[in-house]
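Here the structure comes first, spelled out in structure tokens, and everything after it is commentary.
There are 2 protein chains.
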Amino acid sequence: MPVSLAKLFIGRPVANREAEDLKLGVISGLPAMGLDGLGSASYGPEAALTILAATGAAGLGAIEPITWVILILLVILFLSYWQTIAAYPNNGGSYIVAKQNLGTNAGLLAAAALMVDYLLNVAVGISAGVGALTSAIPALHPLTLWLCLGILIVITVTNLRGTRESGLAWAVPTYLFVASLGFVLAWGSYKIMSSGGQPQPVVAPPELPKAAAGLTLWLLLRAFASGCTAMTGVEAVSNGVGAFREPRVRHAHGTLAAIVGILGLLLFGIAHVAQAYGVMAMDQTQTGYQSVLSQLVGAVYGRGWFYYVTIGSVLAVLCLSANTSFVGFPRLCHLVAEDGFLPRPFAVPGRRLVYSVGILFLATGAGGLLIIFGGITDRLIPLFAVGAFLSFTLSQAGMAAHWRRALRDGPASSLTGRHTDRAKLAINGLGALATGIALAVILAAKFVEGAWLTVIVIPCAIVLLRAIRRYYDDVDRHVLRGSHRRIDLATHGSPVVIVPIKRWDRLARKAVEYAVRLSPDVTALHVMSVGGPDAEDRQDALRREWRALVEQPAIRAGVAPPRLQFVTSEFRSVVAPLLRAVEEVQRRYPGGQVMVVLPELVEGRWWGYVMHTNRERRLRARLLRYGGPRLAVTSVPWQLREADPAEGIAEEEPPAAPEGTPA
Amino acid sequence: MPVSLAKLFIGRPVANREAEDLKLGVISGLPAMGLDGLGSASYGPEAALTILAATGAAGLGAIEPITWVILILLVILFLSYWQTIAAYPNNGGSYIVAKQNLGTNAGLLAAAALMVDYLLNVAVGISAGVGALTSAIPALHPLTLWLCLGILIVITVTNLRGTRESGLAWAVPTYLFVASLGFVLAWGSYKIMSSGGQPQPVVAPPELPKAAAGLTLWLLLRAFASGCTAMTGVEAVSNGVGAFREPRVRHAHGTLAAIVGILGLLLFGIAHVAQAYGVMAMDQTQTGYQSVLSQLVGAVYGRGWFYYVTIGSVLAVLCLSANTSFVGFPRLCHLVAEDGFLPRPFAVPGRRLVYSVGILFLATGAGGLLIIFGGITDRLIPLFAVGAFLSFTLSQAGMAAHWRRALRDGPASSLTGRHTDRAKLAINGLGALATGIALAVILAAKFVEGAWLTVIVIPCAIVLLRAIRRYYDDVDRHVLRGSHRRIDLATHGSPVVIVPIKRWDRLARKAVEYAVRLSPDVTALHVMSVGGPDAEDRQDALRREWRALVEQPAIRAGVAPPRLQFVTSEFRSVVAPLLRAVEEVQRRYPGGQVMVVLPELVEGRWWGYVMHTNRERRLRARLLRYGGPRLAVTSVPWQLREADPAEGIAEEEPPAAPEGTPA
């Protein structure tokens, strides 16, 4: 077996029938679908506190009320998405929901918003994770960007290998995160109670900054807008119901409930403990930066080994929260591509049943964002919130439209059914209203800080998506037009064959033999790129060989002898002389077919591409592009390594490995 | 015309006959071939001073004697290379000289040493240039690595465009560098004289560091070894004689003399002025770093506008000294590749008459070195000196062997000729001896600091070069074996044809029409990747279309009707079912030929690769690799954009643009 880099990094191909085994339950679904949602607990409250920092102690007092508003919004979202999952058991992402209920334009708007959202989720998750890491080990602070990019690469490769591995490998840190952070928050709350609201920190957080600004309503709105990023990721489950085991809906509902419940407790706990202990957000660009969670764990429990375990799990979960996007983004792109709004490669499942193109696209985009914003979380937050809430709103509005239609079109008889539908309409309508208001607040509060960028990017993306669809429609129309005519058997006749040869060797002989088999009119073309006395000698030698080895045997066998022709090329290109020869033949035989037979050395091993100039590949592409409609190109291979079809089949379709075998 | 990114960045293709116009004279050759040599003046003395810094004032006193030794070595090198140029007017690089006179192994050793040398010259030149820049603008110090990589990219693109542009565009900074630095050194020398050796600095350099170590012989040897990097680049001219205008040798000699003369004056001036003004090297990793030249210009003339002009030209020349490697490295790779020791793509001139693969390889390698060593000059110096002096020594030894053979084999009559040859032998022998001793000193003095890396890399490179040559020899033997048999016309007969079709459209129709033209035995293969009721409907529809549009017309025309066959594929791959069909045919007709006819949509515009899955391309590669020796693959194109051969020819061979037209 040749060395296969793809197999080494990506693993063996996966058959369709194995697909079921890779699917998720609640226990494995919580990490795969919920890391984003749970991870938000680390940067959401911190983002709100960053805005409040300017107002000092007064600002810190505002974090609990703001969190209550966020929690109410979270419950509304939870109910809405619960209904979405039940109504769309085949991946009811906001793209599908908006498209089916509000029309294509709304669907594309939702898709564009979601894509931006997924992209930013990766960047924010990783940068916040690295923020936790540099809090624990300040010496790493100057390496922030490099750490971000390294983590991104690891996640990308893991995802190219397939969904199940992601689910299981991420489970340990997720549950460790929930357990350790939950313990810290519970212990902190207990100490707050037992000390009558005045707990003594083990490691005191930095002093609160002086109030540089007053606590205005505008500032509260901005803090709320930033804090809303704590909710991002809740939609992931509804977007990937298809990744769950049967019964899908039950598993998806269970996973959603677990995510929202845990997230709500964490958000409340963080706000409560941070306020009592006087923990405020710091500036990530400055050395000495400590994330809110790092300060919090230190204040509640000190900086012993438990601190490092907790921060380690925060790091892991935050970085891996990016993983949710790696499940959702390629799946969304696949749906959009199947509708023809994205290039087809996005719709093709790769060797491991994952959509590799989508994964690579996401990784590239997120890497770009991390580089541009230097891996600083706070700079990415404004862009992030807009995309997330735009898609929330569209999804909820779509569901509301769905129930309204169900009410209008449904059977009038079932009164209880109609009551249920009305209740559902109310819930999703409330969801749409609440997220819509939140979106308006975010847009207004964050416009100058970067939301404007999202406002520009999303319409551009929609225009691009529409242009792609138009392209495919054009191609389809072109290719199908008049295809229902019968095949034409009148212009039956052999093509005129041209064989470019470099010298007389076994490749050339095989190609000429093949050409003679197909047509009585064969011309071999030898292109000389430079003149000189040496070139003439070689020309003479080739002419002699041709006469003895090709012409005479053909004449003796009563076959029309193939001709040998020499041409010079000034530009070191073989393409132009060949195209000229093709043009010449087409002029001589109007309506006749031309075939170029290319002798091709096939290396087979991976270094073949490096060792050979691959002139044939380029030649073939140029001929197909410029040779006109009456030209066909035949490759006659000469394999350096013997290989037969069975070997190729085995490589494409390996026998299924038994369960538990490391892939 | 479609948008061509290659044309935009690289420029239009260049014809062979234009090659002469791109060649160099002395005035244009000095920057193109000499930037490396001249640029060495900035880092060579500084590298020596870096070693001496530990000994304080005593060390500074040693710089002038060390420079004298270096100058003597430089004169020996000059005389040696003068002779090499005359004896090898077709690119007498040390590879050619060593190979022809000392055998293949010595040649490969020289080639490997030179490649390492070229690579390091790029890295050192750029990092030293950025060192000059951050001396002048200390705020840029944290960006050192990014600046290095940015400059590397600019140089790479410039070189992909062709030699002449490099020669002319680099001329202004080179001559500015020589003039301004020459003026500073002359002015400094005048002030030293007029002040009786005690000049008053305009801007005082930092105080001399305290002597932390004594001035031992070992330290002097290490300083000399580092200082030897000031000589690197002198070989560039002899390595690229072919790039000069006729009469080549005279132009090359003139260029070499100009380079060595100017370099010698600069080295002497720097040592003299630095010693008198008390200028010592600083640590580039520390903020506040000032290069030796920056301190020197400041001390002699102050930091007015002239300081910035001088440092600007130093920056330009140092960065662009890397350019010498971009002329020499691809040329060397081309020579080595023509001998079969490097992959063939290195030997192919690109669109603009430059060896693009070599340029890209060099850029990648230098980028890697800069990233690994963080763009710090001093860390690269030990690796640099070894490669350079190894190739110096081999080149001189090769020339000595050349003259010895000339003495032995030459006509006994011409006594004066023999005397001249003896003198030449003496000069090159002296050169070999001197550079060999210097090499031994460098290896001993720099082994721990990094020279060991070069000592490992060079033998590995030689093993690789030999393996590549063995591979080509094997391929050649394989392909030529038995090629002198006559062509076989006995197994004359049509191939069995298989046409994979996705659906019935114009592509499929054209492919089937073509197949019927070539063979009476045609089977169309439809691969269904997933089952389901929808798939069955499509299958039925296709069967009906086939009967009406293909079978019945064929029967009516008296042609054997093509068959339609359905297969399912579990792994979403079309390759395996096709290979299975090929295997089946080969079992049924032992010795018969099989042809797969692929309908192929040709987009032609640059986004085609993005918009289509390019399944055909992969399919074709797999078939050629695994289909066995009796399979051929024919591509029947369907062009989305009408294009004819003339258009393709025009793109490959544009009419020559008049002189002075921007390319």
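Read top to bottom, the protein sequences are chains S and D.
So the first sequence is numbered by my numbering: it starts at 104 and just counts up by one.
So the second sequence is numbered by my numbering: it starts at 104 and just counts up by one.
Glycine is no exception: its CB is placed at the ideal position from the N, C-alpha and C atoms.
Since the model is a prediction, treat every value here as computed from it, not as a measurement.
Taking its Cβ as the centre, do 16 or more other Cβ atoms sit within 10 Å of residue i, making it buried, or is it exposed?
| i | result |
| --- | --- |
| Ser-107/S | Low local confidence applies: a pLDDT of 47 at Ser-107/S is under 50, so the model's placement there is unreliable, and no value is given. |
| Ala-570/S | exposed |
| His-88/S | A question about residue 88/S goes unanswered here, because the residues of chain S that appear run from 104 up to 766. |
| Thr-467/S | exposed |
| Gln-689/D | buried |
| Pro-748/D | buried |
| Glu-639/S | exposed |
| Gln-303/S | exposed |
| Met-296/S | exposed |
| Ile-175/D | exposed |
Cβ of residue i within 8 Å of Cβ of residue j?
| i | j | result |
| --- | --- | --- |
| Ile-188/S | His-437/S | no |
| Phe-198/D | Gly-210/D | Here the sequence assigns Tyr to residue 198/D, which means Phe is not the residue at that position. Taking 8 Å as the Cβ cut-off, Tyr-198/D and Gly-210/D qualify as a contacting pair. |
| Arg-201/D | Ala-190/D | Sequence inspection shows Ala at residue 201/D; the Arg mentioned does not correspond to that position. Going by C-beta atoms, Ala-201/D is not nearer than 8 Å to Ala-190/D. |
| Gly-140/D | Val-287/D | no |
| Val-489/S | Leu-546/S | yes |
| Val-233/D | Thr-247/D | yes |
| Leu-236/D | Leu-250/D | yes |
| Leu-323/S | Ala-165/S | yes |
| Val-599/S | Val-630/S | no |
| Thr-277/D | Pro-134/D | yes |
| Val-439/S | Leu-743/D | no |
| Ile-462/D | Leu-217/D | no |
| Leu-152/D | Met-502/D | no |
| Thr-496/D | Val-451/S | no |
Does DSSP put residue i in a helix, in a strand, or in coil?
| i | result |
| --- | --- |
| Arg-666/S | strand |
| His-715/D | coil |
| Glu-349/D | coil |
| Leu-127/D | strand |
| Pro-702/D | strand |
| Glu-268/S | Low confidence applies here, because Glu-268/S scores a pLDDT of 49, under 50, leaving its location unreliable and the question unanswered by this model. |
| Gly-323/D | Before going on, a small fix: residue 323/D reads as Leu here, not Gly. Reduced to three states, the DSSP call for Leu-323/D is helix. |
| Pro-623/S | coil |
| Val-697/D | strand |
| Ala-150/S | helix |
| Pro-748/D | helix |
| Pro-446/D | coil |
| Pro-598/D | coil |
| Thr-557/S | helix |
| Met-383/D | coil |
| Gly-132/S | helix |
| Ala-753/D | helix |
Return yes when at least one heavy atom of the ligand NAD lies under 7 Å from the C-beta of residue i, else no.
| i | result |
| --- | --- |
| Val-430/D | The ligand NAD is absent from the structure shown, which contains no ligands of any kind. |
On the DSSP bridge assignment, give the partners of residue i in chain order.
| i | result |
| --- | --- |
| Leu-279/S | None; Leu-279/S has no bridge partner. |
| Leu-628/S | Pro-603/S, Gln-668/S |
| Pro-740/D | Glu-703/D |
| Leu-734/D | Val-697/D |
Open item on the list: I want to know whether the segment 658-675 of chain D touches the segment 703-716 of chain D - three or more CB-CB distances under 8 Å.
Closed with: no
- [ ] Evaluate contact between the segment 418-435 of chain D and the segment 339-348 of chain D, counting only Cβ atoms and requiring at least three cross-stretch pairs below 8 Å.
- [x] yes
Open item on the list: Three or more C-beta pairs under 8 Å: does that hold for the segment 223-232 of chain S against the segment 443-454 of chain S?
Closed with: no
Task: Inter-stretch contact (C-beta, 8 Å, three-pair minimum) for the segment 723-738 of chain S and the segment 668-688 of chain S - done: yes
Open item on the list: Would you call the segment 305-312 of chain D in contact with the segment 148-160 of chain D, where contact means no fewer than 3 C-beta pairs closer than 8 Å?
Closed with: yes
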